[in-house]
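When the letters of the sequence shown are read in order and numbered with UniProt numbering, they come out as residues 1 to 466.
Even glycine gets a Cβ: it sits at the ideal position worked out from N, Cα and C.
Bear in mind that the values here come from a model prediction, so they are computed numbers and not experimental data.
For reference, the structure discussed in these notes is given below.
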Amino acid sequence: MIDLATLPARIDDIVRINAQRAPLAPALVDGARTWSYGELQHEVERQADWLRQLGVRAGDRVMLVSENCAAQVALLFAIARIDAWSVNVNVRLSEGELAAIRAHCTPRRVIHATSDGVAAGPLDADTAPEPRRADGAQIAALVYTTGTTGNPKGVMLSHANLLFVAATSSGLRGLVRSDRAAGVLPISHVYGLTSVMLGTLYAGACLHLLARFDAAALLAQIRANGLTIVQGVPAMYARLLALAGPGPVASTLRFCYAGGSPLDPRLKRSVEDLFGLPLHNGYGLTESAPTVCQTRLDAPRADTSVGHPIPGVEVRIEQSGELWVRGPNVMAGYYRDATATKAALKPDGWLATGDLASMGEDGALFIQGRLKELIIRSGFNVYPPEVEAALGSHPGVLQSAVVGRPAADGDEEVLAFVETREAVDAQALQDWLVPRLAPYKRPSRIVFMDALPAAPSGKVLKHRLL
Numbered sequence: 001m002i003d004l005a006t007l008p009a010r011i012d013d014i015v016r017i018n019a020q021r022a023p024l025a026p027a028l029v030d031g032a033r034t035w036s037y038g039e040l041q042h043e044v045e046r047q048a049d050w051l052r053q054l055g056v057r058a059g060d061r062v063m064l065v066s067e068n069c070a071a072q073v074a075l076l077f078a079i080a081r082i083d084a085w086s087v088n089v090n091v092r093l094s095e096g097e098l099a100a101i102r103a104h105c106t107p108r109r110v111i112h113a114t115s116d117g118v119a120a121g122p123l124d125a126d127t128a129p130e131p132r133r134a135d136g137a138q139i140a141a142l143v144y145t146t147g148t149t150g151n152p153k154g155v156m157l158s159h160a161n162l163l164f165v166a167a168t169s170s171g172l173r174g175l176v177r178s179d180r181a182a183g184v185l186p187i188s189h190v191y192g193l194t195s196v197m198l199g200t201l202y203a204g205a206c207l208h209l210l211a212r213f214d215a216a217a218l219l220a221q222i223r224a225n226g227l228t229i230v231q232g233v234p235a236m237y238a239r240l241l242a243l244a245g246p247g248p249v250a251s252t253l254r255f256c257y258a259g260g261s262p263l264d265p266r267l268k269r270s271v272e273d274l275f276g277l278p279l280h281n282g283y284g285l286t287e288s289a290p291t292v293c294q295t296r297l298d299a300p301r302a303d304t305s306v307g308h309p310i311p312g313v314e315v316r317i318e319q320s321g322e323l324w325v326r327g328p329n330v331m332a333g334y335y336r337d338a339t340a341t342k343a344a345l346k347p348d349g350w351l352a353t354g355d356l357a358s359m360g361e362d363g364a365l366f367i368q369g370r371l372k373e374l375i376i377r378s379g380f381n382v383y384p385p386e387v388e389a390a391l392g393s394h395p396g397v398l399q400s401a402v403v404g405r406p407a408a409d410g411d412e413e414v415l416a417f418v419e420t421r422e423a424v425d426a427q428a429l430q431d432w433l434v435p436r437l438a439p440y441k442r443p444s445r446i447v448f449m450d451a452l453p454a455a456p457s458g459k460v461l462k463h464r465l466l
């Protein structure tokens with residue numbers, strides 16, 4: 001368990017400490033350039049001075065519209081360095097999505113960052129800074145949820161939240177300075193920000209950045225023995241499998257991890273065959289910065305459990321089946337939304353996750369889906385991940401998404417949206433499901449799609465299917 005008293009004060013201390021210990025060690029690889037920790041620290045200080053010159057104050061929100069790149073990483077640490085709040089959003093969001101976030105967080109400045117450069121928008125002289133705190137409770141990042149089931153909310157994550165997960169993630173992965181981690185998940189997403197970026201740099205290891213997920217580019221990196229660690233969402237691994245073809249891939253990988261959405265058993269087995277390694281699994285949410293549970297390096301699992309709670313985090317399952325979480329990773333609340341904050345944060349520090357879970361005999365957790373996504377059909381509960389796993393077990397299915405829709409008789413019908421790797425017809429899939437699912441769980445309709453709608457993180461956006 002992490003000793004909280006030994007953690008740095010702010011996330012920017014991660015770079016400063018490593019620059020002091022090993023200034024020449026590689027920190028970031030961005031295209032053809034490698035940044036050492038000394039170079040990254042110099043850039044963080046330079047960008048912090050630039051932000052001050054732009055009129056950014058402690059407590060101001062800085063909206064960073066970016067893709068994965070070294071300039072983005074330096075700016076995130078620079079924003080933290082002056083005690084401002086980063087609002088890091090993906091450049092691939094629509095104009096409407098960007099406008100909604102900007103209107104809600106009222107940033108002092110909007111900054112655009114790519115591998116080609118950095119540009120600042122005009123100053124908003126009317127916006128007011130939030131109070132500054134001198135301890136770890138100071139807000140470091142305002143992370144907007146991906147809105148898989150509705151409108152996104154601004155999650156306030158403190159320096160202490162992020163540092164706890166970064167340190168724990170680094171320790172549980174057994175990271176050392178010589179590790180080379182894939183930086184393919186969007187750093188604008190909490191998984192890419194905390195577990196991947198902050199966790200890798202916390203250990204003094206090197207992060208290999210890709211501007212956005214490209215299965216061919218990532219597979220080439222893996223085959224070139226350029227990586228030792230890969231973390232991603234199940235949809236990312238499905239793309240790698242489709243591209244890699246039959247047979248194992250030789251590499252220097254020592255650790256593969258999936259999170260962000262349910263992992264079906266067939267995909268897990270296929271990825272393990274591809275890389276010759278266990279595919280570890282985990283669970284988290286933006287509101288918990290994000291990690292709650294993960295499987296252990298020394299105890300890989302054959303099932304799709306998300307493992308045990310990470311050290312220092314408590315879980316309990318309510319009578320409704322909802323998972324509650326308590327620990328140093330739990331958010332400060334939703335920005336400018338007292339009603340939603342009160343609904344999520346319970347007495348004594350518990351966070352109501354909105355996810356349904358069960359616990360195995362050994363204490364490992366199994367996630368059954370979102371409480372809001374539970375389908376009630378003919379009086380029976382239908383959990384979408386169970387149906388998705390059955391569909392995913394078909395060799396022709398790449399990935400699927402199952403949702404409920406009100407029926408004319410007041411009941412709910414089960415709809416399945418399917419992306420295939422080869423030609424499959426609906427009747428063949430229905431026949432496949434007969435021995436695998438009870439009649440009330442089987443989809444009343446299967447809709448084939450060229451690609452399921454997804455957030456930049458790869459998570460399927462089910463609300464766009466309704």
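Supposed contact pair residue j and residue i - C-beta distance, whole angstroms, cut 8 Å
i: Ser-115; j: Ala-211; result: 6 Å
i: Val-190; j: Pro-290; result: 5 Å
i: Gly-260; j: Val-233; result: 4 Å
i: Ala-238; j: Leu-218; result: That belief does not hold up - the Cβ atoms of Ala-238 and Leu-218 are roughly 13 Å apart, past 8 Å.
i: Gly-284; j: Val-292; result: 5 Å
i: Arg-109; j: Leu-75; result: That pair is no contact at about 11 Å.
i: Pro-186; j: Asn-68; result: 6 Å
i: Leu-240; j: Ala-215; result: 5 Å
i: Pro-278; j: Ser-393; result: Not confirmed; about 20 Å, so no contact.
Three-state secondary structure assigned by DSSP to residue i
i: Cys-256; result: strand
i: Ala-48; result: helix
i: Pro-406; result: strand
i: Ser-169; result: helix
i: Leu-227; result: coil
i: Ser-288; result: helix
i: Met-236; result: helix
i: Ala-140; result: strand
i: Ala-113; result: strand
i: Ala-357; result: strand
i: Gly-392; result: helix
i: Asp-13; result: helix
i: Asn-90; result: strand
i: Asp-362; result: coil
i: Phe-380; result: strand
i: Ile-222; result: helix
i: Arg-132; result: coil
i: Ala-454; result: strand
i: Ser-36; result: strand
i: Leu-267; result: helix
i: Asp-30; result: strand
i: Thr-6; result: helix
i: Arg-442; result: coil
Neighbourhood of residue i by C-beta, 8 Å cutoff - its chain only, sequence neighbours within 5 removed
i: Pro-107; result: Asp-60, Arg-61, Val-62, Met-63, Val-87, Asp-124 and Thr-127
i: Arg-132; result: Ala-58, Gly-59, Asp-83 and Gln-138
i: Val-397; result: Leu-391, Val-418, Glu-419, Thr-420, Arg-421, Val-424 and Leu-429
i: Leu-227; result: Arg-180, Ala-181, Ala-182, His-208, Gln-221, Ser-251, Thr-252 and Leu-253
i: Arg-464; result: Pro-453
i: Met-449; result: Phe-417, Val-418 and Glu-419
i: Ile-317; result: Leu-323, Trp-324, Ala-357, Ser-358 and Met-359
i: Ile-437; result: Residue identity differs from the one stated: residue 437 is Leu in this sequence, not Ile. Around Leu-437: Glu-386, Val-387 and Ala-390.
Sequence-distant residues of the same chain with beta carbon closer than 6 Å to residue i, five excluded per side
i: His-159; result: Arg-10, Ile-11, Gly-136, Gln-138 and Ala-140
i: Ala-71; result: Ala-113 and Val-118
i: Ser-188; result: Asn-88, Val-89 and Asn-90
i: Leu-175; result: Ala-203 and Ala-205
i: Trp-350; result: Trp-324 and Arg-326
i: Glu-77; result: Per the sequence presented here, residue 77 reads as Phe, with Glu not at that position. Around Phe-77: Asp-12, Val-15 and Val-44.
i: Ala-32; result: none
i: Ala-80; result: Arg-10, Ile-11, Asp-12 and Ala-140
Cβ neighbours of residue i in the same chain (closer than 7 Å, five flanking residues each side left out)
i: Pro-8; result: Ile-14, Ile-17 and Leu-163
i: Cys-105; result: Arg-61, Met-63, Val-87, Leu-142, Gly-154 and Tyr-335
i: Asp-411; result: Arg-377 and Ser-378
i: Val-249; result: Ile-222, Arg-223, Leu-274 and Phe-275
Quick check on the DSSP output: what are the complete beta strand (DSSP E) runs of length 3 or more inside the segment 293-353, in order along the chain? Restricting attention to beta strand (DSSP E) runs no shorter than 3 residues, the segment 293-353 encloses them at 314-317 and 322-326, ordered along the chain.
Touching or not, the segment 181-198 and the segment 163-173, by the rule of three or more beta carbon pairs under 8 Å? Between the segment 181-198 and the segment 163-173 there are three or more C-beta pairs closer than 8 Å, enough to call the two in contact.
What ranges does the beta strand (DSSP E) occupy inside the segment 176-206, keeping only unbroken runs of at least 3 residues that lie completely in it? Fully enclosed beta strand (DSSP E) runs of 3 or longer: 180-183.
State whether the segment 300-312 contacts the segment 356-367, with contact taken as three or more CB pairs (one from each stretch) at a distance under 8 Å. With a cut-off of 8 Å, the segment 356-367 and the segment 300-312 count as touching, because enough Cβ pairs lie within range.
Are the segment 397-406 and the segment 372-384 in contact at 8 Å, needing three or more beta carbon pairs? With the cut-off at 8 Å, the segment 397-406 and the segment 372-384 touch.
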